[in-house]
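Residue numbers (this note's numbering), protein chains in the order written: chain F, 1296 to 1445; chain L, 1296 to 1445. We put the CB at the ideal spot given by N, CA and C, even for glycine. Scroll down for the structure; my scribbles are underneath it.
Written out as structure tokens, the structure is:
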């Protein structure tokens, strides 16, 4: 469905589906962007701080973004992001974990300087199949209004 | 050089080198993780909110991490990240922009619960070749002490 600023009402929660990352995908991403031993080397990772290989937090964040593009933002109205207020990675993500993504609108206000858009603050929460929170992100997006003259 | 917790003294600034992303790299990353029109389609992007193709903020963040792994954190002491306090993308990143990464230690304190480590808060700033800030990130990392008994 196409959403515009008017549709992002604080309290709205959107189910953004699930994904998982294989060991090979975790290693490939980390070799390119985050080549720390516990992300790229399963043998060294066994003796490392997490007792096994874990995904780069930036890999998890990027995979989350894919779900948000599919389920939460719309190409007709998305005007990019100002940034993120907080990311937390309370638990490691391991190969094969299925992560569920849920997005909730926290705040929505019209831009003071640009009448065609609003600023939407959203909380994305990722949980594993045990229901444990593995990541939360508070993102700030610019979203086009459906009716800028209203 | 290998850094331990004791080396991350507030005020320390580390030059973390430069990188750039080609149009093909920007599109490939975004097709996988952030397939919005202004990240994946140069023609549509021309008429879009940025007047041309721009990199996904998560691509820029991941490339930043590669520089931090090479220049700022050490495999001997890095125990992963708790999260990020803030990311801001004040200006778009375009194909071929050369981005310079600088990291500054903001805070460093020993963990109250785990005597082998400390918590280091760092500011990473990315500037383009005009000296304009394109991204800043405040990251929170767990770092092993060189001398836990000191």
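- Put simply, the CB of residue 1383 of chain L is near chain F, with a gap under 7 angstroms to one of its CB atoms.
- In terms of CA proximity to residue 1333 of chain L, F:1370 leads the group F:1402, F:1370, F:1380.
- For residue 1385 of chain F, the closest C-alpha among the options F:1363, F:1426, F:1340, F:1343 is that of F:1426.
- Contact annotation for residue 1367 of chain L against chain F: no contact, minimum CB-CB distance about 12 angstroms [criterion: below 8 angstroms].
- Residue state for residue 1298 of chain F is assigned as coil, using DSSP reduced to three classes.
- By a beta-carbon distance limit of 8 angstroms, residue 1316 of chain L does not contact residue 1382 of chain L. Their separation comes to about 17 angstroms.
- When Cβ pairs closer than 8 angstroms are counted between the two stretches, the region 1361 to 1369 of chain F is seen not to touch the region 1354 to 1361 of chain L, the count staying below three.
- Contacts with chain F at 7 angstroms (Cβ-Cβ) do not include residue 1319 of chain L.
- Residues of chain F whose Cβ lies closer than 9 angstroms to the Cβ of residue 1335 of chain L do not exist, since the nearest Cβ in that chain is about 10 angstroms away.
- At a Cβ-Cβ threshold of 7 angstroms, residue 1372 of chain L and residue 1400 of chain L do not count as neighbours.
- The C-beta of residue 1436 of chain F has 16 or more other C-beta atoms within 10 Å across all chains shown, which makes the residue buried.
- Within the region 1397 to 1441 of chain L, the runs of beta strand (DSSP E) at least 3 residues long that lie entirely inside it are, in chain order, 1412 to 1422, 1428 to 1439.
- The contact set of residue 1406 of chain F on chain L, defined by CB atoms closer than 8 angstroms, is empty, because the minimum CB distance reaches about 13 angstroms.
- Taken atom to atom, the span from the alpha-carbon of residue 1439 of chain L to that of residue 1303 of chain L is near 11 angstroms.
- In the structure shown, residue 1352 of chain L falls within a helical segment according to DSSP collapsed to helix, strand and coil.
- Taking every protein chain shown into account, the CB of residue 1410 of chain F has fewer than 16 other CB atoms within 10 angstroms, so this residue is exposed.
- At a cut-off of 7 angstroms, the C-beta of residue 1340 of chain L has no neighbouring C-beta in chain F.
- Under a 10 Å Cβ-count criterion, residue 1405 of chain L is classified as exposed, with fewer than 16 other Cβ atoms of the shown protein chains found around its own Cβ.
- Pairing residue 1441 of chain F with residue 1328 of chain L, the inter-Cα distance amounts to about 26 angstroms.
- Exclusion of the five residues before and after residue 1354 of chain F leaves 1324 as the residues of its chain whose Cβ lies within less than 6 angstroms of its Cβ.
- Beta-bridge annotation (DSSP): residue 1333 of chain L is not paired with any residue.
- DSSP, read as helix, strand or coil, puts residue 1374 of chain L in strand.
- Rounded to whole angstroms, residue 1378 of chain F and residue 1421 of chain L show a C-alpha spacing of 14 angstroms.
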